[in-house]
Amino acid sequence: MIELRIASSDLKDLRDSLLGCAGERCAVLFATRGNCTDSRDLMLVRETMLTEDDDYIESGIDHAQLQPDFVARAAKHARLNGFSLIFVHTHPGECLPKFSQIDDLGEKELAAFLIRREQGKHHAALVLSNGGMSARILGRDEPVRVVSVGGRRLVEFEPGVEQNGEFTKFDRQIRAFGQVGQRILSNLRVAVVGLGGTGSIAVQQLMYLGIQNFILIDHDNIEITNLNRVVGATKDDVGHPKCEIALRNVRQFYPDAQVLEINGDVVHESIARHLVDADIIFCCTDTYGSRSVVQQVAYQYFIPCIDIGTTITTDSNKIRGIYGRVQLIGPDKPCLWCSELLNSEEVRRDMLNETERRADPYIQGARMPAPSVISINGTVVSHAITMLLGIVTSIPVESHHVIYDAIRPSLRSVRFIPKDGCFICSRSGVFGQGDSQGLFARKD
């Protein structure tokens, strides 16, 4: 299955530009490629090329024919930049659009033209109307799934969606967001990076929501000091991988759940690559390096990522502050660098292997463990899970970056502005680069 991912802002601009016109209109999208380790191939929209009136040979209420020069310019731009092409056109009406016989003939000509120009990689076609969209491989009757990613993650077109499902045990939450919302949740593949105090609670709440497909990543083993915070861990688990405890919890609830268990550190590129297979990522780590790598995947492959953090500050053995932070990162959102939440020196330190760390004169000793209490972790994770519901279901949760203050108490929404030219979240950064850009991670 091919999956086309597009930033929500780009899709909105496309709809506004094309569907606001009286006649049929066209555009071209340029996409990079990404390969998942499962059966999906990704097309990640990087750029849009809109048409002017003189780009058409003719255009009417139910037809449009582009000038050969426009098609040639689009094909040349794609060839020079290594892009795949998505040819977009509109159909009139309020119904879900379907490709017509005229579309079939036009696409075969386009596909043959691209092959003659030695641009035989996968290209696609997308038809838009006020009733929705359909997409397929250019010139072939092979559907393409379409997902928009931004403040929400929406499946815009799902080929052959299964409309039946048995959700009796989820009756109470279906009363909140409906069968459609429950189906969306049950079809998600969720990655949880870090399975300690916050990550273990996240896994528990996600499986209670009905999620049965997980990617679980952590390189640590259970220690005696973890037992009061890691959900499901017992004294017999000391010395065992945290991944093992999370997997056991899921299997007890869903014996047939699909779980990829990875006992490794996400700062390694070989580990981080598994995140490309996820629909949603929960970043529950406590190091700068791991969060830096995870967020790059989020922008590079258009995967919504919810970053979670808790902090208890002390002074002279007195608690001065208790805070939590939940932030959505990914397309159309400022990254952790723009939000001033990463430290370049700490990221550098986390990327060193043990030999490099011992030889580095700027690293003295080890980090002290941070204070952590399960009630604070649980409160903050619950906000993160509720944010997920706002991203993928009809629940009207709009805040995408919130700060929790337990002492006041308060929960407030905050906002940062993406910085021009950011090497992560801007269009000149890794945004939508897919496999054409390597990860800034350890190669060993």
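As numbered in the numbering used here, residues 5 to 448 make up the sequence shown, in order.
A virtual CB, placed ideally from N, CA and C, is assigned to each residue, including glycine.
These numbers come from a predicted model, not from an experiment.
Between Val297 and Val271, the CB-CB gap stays under 7 Å.
Closest by C-alpha distance to Trp341, out of Gly293, Ile307, Gly328 and Ser320, is Gly293. Runs of the beta strand (DSSP E) spanning 3 or more residues and lying entirely within the region 135-161 occur at 136-141, 148-153 and 157-161, in chain order.
Within the DSSP bridge table, the entry for Phe286 names Val196 and Ile310 as partners. Scanning Val75, Ala302, Met355 and Cys288 for the CA closest to the CA of Asn381 turns up Cys288.
Under the three-state reduction of DSSP, Lys239 is assigned to helix. Between the C-alpha atoms of Leu213 and Ala282 there is a straight-line separation of about 17 Å. DSSP, reduced to helix, strand and coil, places Pro375 outside both helices and strands of the structure shown, so it counts as coil.
Counting C-beta atoms within 10 angstroms of its own C-beta, Ile119 has fewer than 16 neighbours from the protein chains shown and is therefore classed as exposed. By the criterion of a C-beta distance shorter than 6 Å, Ala388 is surrounded in its chain by Ile310, Ile312 and Val330, once the five residues flanking it on both sides are discounted. Going by beta carbons, His278 and Ile219 fall inside the 7 Å limit. For Cys30, the beta-bridge partners assigned by DSSP are His93. When Glu113, Arg140 and Ser63 are compared, the shortest CA-CA separation from Met47 is found for Arg140. Boundaries cannot be given for Gly442, as no beta strand (DSSP E) includes it and DSSP labels it neither H nor E. Within its own chain, the residues whose Cβ lies closer than 6 Å to the Cβ of Arg193, once the five positions on either side in sequence are excluded, are Asn217, Ala282 and Asp283, listed in chain order. Glu160 is positioned such that its CB atom lies closer than 7 Å to that of Ser152. With contacts defined by Cβ atoms closer than 7 Å, Ile395 and Pro308 form a contacting pair. Secondary structure of Gln299 (DSSP, three-state): helix.
Taking all protein chains in view, the Cβ of Ser204 is crowded by 16 or more other Cβ atoms within 10 Å, so the residue is classified as buried. Burial check for Gly438: the Cβ neighbour count within 10 Å reaches 16 or more, so the residue is buried. Shown here, Ser13 sits in a helix according to DSSP, grouped into three states. The region 425-442 and the region 19-32 do not touch, with fewer than three beta-carbon pairs separated by less than 8 Å. Contact between the region 95-105 and the region 77-85 is absent, with fewer than three C-beta pairs closer than 8 Å. Of the residues Thr172, Arg295, Val150 and Asn191, the one whose Cα lies closest to the Cα of Arg352 is Arg295. Residue environment analysis places Arg412 among the exposed positions, since fewer than 16 neighbouring C-beta atoms fall within 10 angstroms of its C-beta. Excluding residues up to 5 positions away in sequence, Ile6, Leu8, Ala128, Ala139 and Arg140 lie with their Cβ nearer than 6 Å to the Cβ of Val148 in the same chain. Between Ser320 and Ser190, the alpha-carbon positions lie close to 48 Å from each other.
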